[in-house]
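Notes follow the structure.
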Amino acid sequence: MAIFSVYVVNKAGGLIYQLDSYAPRSEAEKTFSYPLDLLLKLHDDRVLVAFGQRDGIRVGHAVLAINGMDVNGKLTADGKEVLEYLGNPANYPVSIRFGRPRLTSNEKLMLASMFHSLFAIGSQLSPEQGSSGIEMLETDTFKLHCFQTLTGKCELFDQNLKLALEVAEKAGTFGPGS
């Protein structure tokens, strides 16, 4: 079992520390002829699939590479705009690799803040007096655990944090299919 990410959030909802420990991304590569049967749009300086799903390519996947050359945001490795390049029929057939984009620093900050808000709402809506809030959110693909320090303080390399992560990993509560 694997721990995919660790987020340390303070009591005000600010992200103190974040670590991604996973490498694999779900990717799909396909060769297309003109015109593309997918609708691509620019969103947050990334070219994303806005409409059309097929062969492992899903809405929200980003263009990661074109003809084996990595894409950086909205530009190809040689500086051409992706949407402009794919709009030219002379560039076809073209091989495009799609996948889930990595989160930006700003997106990580927003996720930490949103989780803190959900945690606070859960604490207040609980029918139990003095509820400690959300302990775990479970979906069909992952489990999100929330550990709190007893003192309300967290040192990044505190033995309690290390121990909690070791116990959780040994228990097999993190990772795919858990």
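Plus 252 on top of the position in the sequence shown (first one is 1) and you've got this note's numbering. Just so you know, even glycine gets a beta-carbon here, dropped at the ideal spot from N, CA and C.
DSSP beta-bridge partners of residue i
i	result
R349	E281, A317
E333	L327
Y286	According to DSSP, which records beta bridges pairwise, Y286 is partnered with nothing at all.
Alpha-carbon spacing of residue i relative to residue j, whole angstroms
i	j	result
I268	D296	24 angstroms
A329	S383	52 angstroms
P345	G374	52 angstroms
F399	S257	13 angstroms
S378	L335	48 angstroms
N262	S273	21 angstroms
K293	M388	35 angstroms
Y358	Q270	The question names Tyr, yet the displayed sequence has Asn at residue 358. Their Cα atoms are separated by approximately 12 angstroms.
G351	K282	12 angstroms
Of the residues the options, the one placed nearest residue i, counting alpha carbons only
i	options	result
F284	G339, S357, T356	G339
K326	G320, Y337, N319	Y337
N324	Y344, T356, M362, R310	T356
N319	L370, R349, H397	R349
R354	Q381, E333, M366, A314	A314
R310	P287, E279, M321, F367	E279
S347	E359, A317, M362	A317
D322	L363, R298, G308, Q305	R298
Outcome for residue i when other beta-carbon atoms lying within 10 angstroms are tallied against a minimum of 16
i	result
L291	exposed
G266	exposed
F303	exposed
G429	Per-residue confidence for G429 stands at a pLDDT of 45, beneath the threshold of 50, marking its modelled position as unreliable; the derived number appears in the next sentence. Under this definition G429 is an exposed residue.
A264	exposed
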